[in-house]
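Just below is one structure, and these are the notes that go with it.
Protein chains: 2
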Amino acid sequence: MFELTILGCHSATPTENKHTSSQILDVNGNLFLIDCGEGTQMQLRKAKVRFTRIKHIFISHLHGDHFFGLIGLISTFRLLGRSTPLNIYGPKGIKQIITLQLKMSNSWTDYALNFHELSSLKSELIYEDDSISVSTLPLDHRIYTNGFLFTSKTNKRKINSHATKGLDLEPFHYSQLQEGCDIELADGTFFENQELTLDSVTEKKYAYCSDTAYNEDLILLLKGVDLLYHEATFLERHADLAKKTKHSTALQAAKIAAAADVKALLLGHFSSRYSEKLDFLKEASKVFETIFLSEDLKTFSI
Amino acid sequence: MFELTILGCHSATPTENKHTSSQILDVNGNLFLIDCGEGTQMQLRKAKVRFTRIKHIFISHLHGDHFFGLIGLISTFRLLGRSTPLNIYGPKGIKQIITLQLKMSNSWTDYALNFHELSSLKSELIYEDDSISVSTLPLDHRIYTNGFLFTSKTNKRKINSHATKGLDLEPFHYSQLQEGCDIELADGTFFENQELTLDSVTEKKYAYCSDTAYNEDLILLLKGVDLLYHEATFLERHADLAKKTKHSTALQAAKIAAAADVKALLLGHFSSRYSEKLDFLKEASKVFETIFLSEDLKTFSI
């Protein structure tokens, strides 16, 4: 499973029905939280996410609409009796902000709170396990900001169709072969796995890019991405504002998606000045085809 | 007008339908915010409060359920283009927490942000204008905590009914007299204000006490209060937990209300372990009569 749930996709300030940036990426049951605007813990409850399964939180930058919900979530984990360690990846300074508040409230967590502070201006690998790796995507914003590239690895073997041609294989044989097992046919014929399969690593890639000005340096890093979330705070008619605030327009997001040849583009981080979200889709569609619009509490399968 | 709106009245962690501590006190159109749990700015929008009219924010203590929404509200004020100064009254340390986050996000406010840090263990006057004064109510909690006593002053003059007896006064004459004006009757008779009125200062008092262990030191400070909000995190069957965590039970809150002879008691800061809020009312009713239960977004006239 490689599934993304949008908890909030609006810029600047949260309102009753518009939540600021936060997403949950579910990789085979392991949950990765990406950004954490105010009220994220309430959105997690609405989305019926099991809190305890969140072990890694990635914060893009220290503007409030991307991290003001973090201290509340950390605090709630403590009150719920969490014991599993929690890893937080974010810009240098995030540790000081969180620990100052824990100190002032005399509420140290009972679980290990591990900070991984980022300051590199180049893409770097920041997390890896058997099923996923995460690296940074340096963004161009008003303060130090990173996007994140999640690469999920599937170690299933690939069926060698030349070798299996003419063999009387049942569906379960294919599954066994993909899992790396040897098989025995109904007539007793035995095959070692390598006789019928090839090495294969099927990668799925999800890239999160919020917030950033139009930035062609991203294109190379985004090659081969299955789903790209790219901020589209503005429409082209406010391109001057986008430039001034170091955000992107829907068209600019689509240009990056097209140049990087990603499979699909997911737009988000919408400014509240626009009442019609379909305008983002229309504008981006001029240069790219497969586009989705973010929506709070909507899930996308990658 | 002296009106209280509950924005949140639940302890510990906010959920979709249960918000943590925050209240708005409306004194003749001037708004005083008391505590500011996570999501308070969304609750303010739901309650249709005009943000700009909030000029003073009082924070009781630095546990998250009482102030994690403050940095978001300050940030939103900035994004909405606020220019009016904002005054924040709270425990020593609050300035460092807020300014650190503004510094890290490179988002200094364009309006004056004035911190009034509190550290006294005795009741002190912390704010006063023509219509209201605010003093602290030292509480007994796990960390340094203050309640707040709001005393609203009405400087309207009192009609001297002996002097006005037999005079042919219209309703607008009474209003003019209460405002301190001289009046002229239809037949041309002139009266100076002092001939028909008496000096009068009508006080209304609202006291906010959250969070605190049972604390008899409060009784003297609460004498003459019209409405007392007193935390009732627990019921008596968890009196041991209340003692351990320095909170109160509903019965203890009612005992304080009775001993201080307040006019009405408003219970709040309920623990989420209880599904039936009427149990708080039942328990407190054993020793006090006029009791209300807090409810998110409910308004009480004082």
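The listed protein sequences derive, respectively, from chains A and B.
The first sequence begins at 1 in the numbering used here and counts up by one.
The second sequence begins at 1 in the numbering used here and counts up by one.
The beta-carbon is built from N, C-alpha and C at its ideal position, and this holds for glycine as well.
Since the structure is predicted, the reported quantities are computational estimates derived from the model, not experimental observations.
Give the DSSP-derived three-state secondary structure of residue 94 of chain B in the structure shown. helix
When you compare the CB of residue 212 of chain B with every CB in chain A, is at least one pair closer than 9 angstroms? no
Mind pulling the alpha helix (DSSP H) runs of 4 or more residues that sit fully within the region 63-110 of chain A? 64-67, 70-79 and 94-104
Mind reading off the beta-carbon distance from residue 83 of chain A to residue 127 of chain A? Whole number of angstroms is fine, and I expect it under 8 angstroms. Residue 83 of chain A to residue 127 of chain A, Cβ: 21 angstroms. No contact.
For residue 268 of chain B, the residue or residues it bridges with in DSSP: B:231
Taking Cβ positions, are residue 61 of chain B and residue 145 of chain B nearer each other than 9 angstroms? yes
Is residue 54 of chain A helix, strand or coil by DSSP? strand
Restricting to Cα atoms, I'd like to know which of A:225, A:228, A:227 and A:244 is closest to residue 234 of chain A. A:244
Exposure of residue 190 of chain A, with buried meaning 16 or more beta-carbon neighbours within 10 Å: exposed
Since residue 68 of chain A and residue 117 of chain A are thought to touch, with beta carbons under 8 angstroms apart, how far apart are those beta carbons, to the nearest angstrom? Contact doesn't hold; Cβ gap of about 18 angstroms is too wide.
Taking the straight line between their C-alpha atoms, what separation do you get for residue 81 of chain B and residue 109 of chain B? 9 angstroms
Let me confirm a value: residue 137 of chain B is counted as buried when at least 16 other C-beta atoms fall within 10 Å, else exposed. Which label applies? buried
Can you pull the DSSP bridge partners for residue 114 of chain A? A:87
Quick check on the burial criterion: 16 or more other C-beta atoms within 10 angstroms. Buried or exposed for residue 75 of chain A? buried
Whole-angstrom C-beta distance between residue 53 of chain B and residue 90 of chain B, which should lie under 8 angstroms: In fact, because the Cβ distance is near 20 angstroms, the residues do not count as touching under 8 angstroms.
Going residue by residue through the region 138-200 of chain B, where are the continuous beta strand (DSSP E) segments of at least 3 residues, counting only ones entirely within it? 146-154
So the beta strand (DSSP E) residue 291 of chain B belongs to, where does it begin and stop? 291-293
So for residue 3 of chain B, helix, strand or coil by DSSP? strand
Would you mind stating whether residue 204 of chain A and residue 290 of chain A have Cβ atoms separated by less than 9 angstroms? no
Is it buried or exposed for residue 181 of chain A, if we count other Cβ within 10 angstroms and need 16 for buried? exposed
Starting from residue 219 of chain A, trace the alpha helix (DSSP H) both ways and give me its first and last residue. 218-221
Per DSSP, what kind of secondary structure is residue 40 of chain B in: helix, strand or coil? helix
Extent of the continuous beta strand (DSSP E) to which residue 128 of chain B belongs: 125-128
Could you name the residues of the region 256-287 of chain A whose beta carbon sits closer than 7 angstroms to any beta carbon of chain B, in the order they occur along the chain? none
Three-state class that DSSP yields for residue 297 of chain A in the structure shown: coil
For residue 77 of chain B, which of B:104, B:93, B:267 and B:44 has the nearest alpha-carbon? B:44
Counting Cβ pairs closer than 8 angstroms, one from the region 211-220 of chain A and one from the region 184-199 of chain A, do we hit at least three? no
In whole angstroms, give me the CA-to-CA distance for residue 63 of chain B and residue 105 of chain A. 5 angstroms
Should residue 196 of chain B and residue 160 of chain B be called a contact, given that it needs their Cβ atoms to be closer than 9 angstroms? yes
Using a beta-carbon distance cut-off of less than 7 angstroms, what residues from the region 42-62 of chain B approach chain A? 42, 45, 46 and 62
When you compare each of B:41, B:15 and B:259 to residue 224 of chain B by their alpha carbons, which one comes out closest? B:259
Could you pull the start and end residues of the alpha helix (DSSP H) that residue 245 of chain B belongs to? 239-245
Alpha carbon to alpha carbon, how far is residue 88 of chain A from residue 70 of chain A? 10 angstroms
According to the neighbour-count rule (16 or more other Cβ atoms, all chains shown, within 10 Å of its Cβ), is residue 294 of chain A buried or exposed? buried
Which residues in chain B sit within 8 angstroms of residue 106 of chain A, going by Cβ to Cβ distance? 142 and 143
Determine the direct distance from the alpha carbon of residue 73 of chain B to that of residue 66 of chain A, and round the result to whole angstroms. 14 angstroms
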